[in-house]
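Chains as they are written, first to last, in our numbering: chain E, 10 to 254; chain A, 215 to 278. Ideal Cβ positions, reconstructed from N, Cα and C, are used throughout, including at glycine. Remember, it's a predicted structure, so these values are computed and weren't measured experimentally. Each remark here refers to the structure printed beneath this line.
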């Protein structure tokens with residue numbers, strides 16, 4: 010376990026392994042996204058109540074789910090950074106923030122576009138939507154805070170604290186549809202018991218959730234690698250890895 | 215397929231503008247997420263390879 014964490018903190022090890030992972034994961038992600046999106050757009054049956062506008066669910070829910078899970082990833086990296094002062098954890102935290110921000114923005118945008126034909130309004134200040142907006146600001150706050158410091162050790166510390174404090178928002182987002190009367194509907198997929206969604210719509214949705222998770226992993230790794238290359242510029246091991254090809 | 219024709223796919227029963235704008239913005243954002251770090255990485259690797267080639271060139275020109 011400890012040797013694993015030490016290895017994880019080693020840039021040469023990370024750089025090599027992430028290169029191997031991406032070579033497989035990136036093409037599979039593109040394939041899964043393509044299949045999931047075409048399935049949801051063209052082959053899933055039309056909803057008898059909402060018509061075709063419901064097809065937005067196949068990108069709205071995956072983006073929102075991964076935006077929430079991605080916050081835990083960022084906060085966990087922040088905790089590693091605070092406790093063990095692992096530089097690669099700082100890199101991971103900084104790499105995760107903009108990805109989470111974009112996914113949150115996608116969830117908010119697709120939600121607004123879905124809300125117009127379904128609820129008759131683009132926006133409403135209900136608990137779910139407002140707490141998602143706060144999530145967006147938390148992500149953007151980490152990005153801005155990091156860039157505000159010239160001393161990156163201090164930047165990492167400040168960002169880690171902000172990330173960790175912000176985690177209180179995540180369960181609030183999850184539970185917002187149960188705790189308050191929201192215009193936003195409750196969860197359709199349930200881990201226990203019958204899901205409130207037919208399998209012909211559930212399967213493409215689950216595929217897209219998996220694809221968005223894979224996409225998240227790919228993009229965070231790509232961001233981290235780009236930063237590791239800059240931080241280890243001209244290091245002997247990096248020169249050997251990037252070679253001449 | 216859930217539709218009879220391509221024009222029905224485009225129309226989405228009157229919801230076309232909502233569905234297609236949501237999907238196109240999402241796909242553009244996803245493409246940007248992948249392309250931005252990929253390009254940044256490629257430029258950095260290129261610069262480091264060029265630096266290394268210059269170093270080796272300088273080293274060999276000093277050889278007797």
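- Listed along the chain, the chain E residues whose CB falls inside 9 Å of the CB of residue 271 of chain A amount to none; the nearest CB is some 13 Å away.
- A direct Cα-to-Cα measurement between residue 146 of chain E and residue 22 of chain E gives close to 33 Å.
- Following the DSSP letters along the chain, one finds residue 252 of chain E in no alpha helix (DSSP H), marked with neither H nor E.
- In the DSSP annotation of this structure, residue 130 of chain E is not part of any alpha helix (DSSP H), being labelled neither H nor E.
- Per the DSSP secondary-structure output, residue 159 of chain E pairs with nothing in a beta bridge.
- Counting other Cβ atoms within 10 Å of its Cβ, residue 270 of chain A stays below 16 and is therefore classed as exposed.
- Excluding five sequence positions before and after residue 217 of chain E, the CB atoms of its chain that fall closer than 6 Å to its own CB belong to 45, 67 and 71, given in chain order.
- Rounded to whole angstroms, the gap between the alpha carbons of residue 191 of chain E and residue 137 of chain E is 7 Å.
- Taking a Cβ-Cβ threshold of 7 Å, the residues of chain A close to residue 239 of chain E are 258, in chain order.
- Considered as a whole, the stretch 45-115 of chain E harbours no complete run of any beta strand (DSSP E) with no fewer than 3 residues.
- For residue 242 of chain E, no alpha helix (DSSP H) encloses it, and the DSSP letter there is neither H nor E.
- Taking a Cβ-Cβ threshold of 7 Å, the residues of chain A close to residue 62 of chain E are 229, 232 and 233, in chain order.
- Of the candidates E/247, E/248, E/139 and E/53, the residue whose Cα lies closest to the Cα of residue 178 of chain E is E/139.
- Considering only beta carbons, the part of the stretch 234-250 of chain A lying closer than 7 Å to chain E consists of 235, 236, 237, 239, 240, 243, 244, 247 and 248, in chain order.
- In terms of Cβ geometry, residue 166 of chain E and residue 91 of chain E form a close pair [threshold 9 Å].
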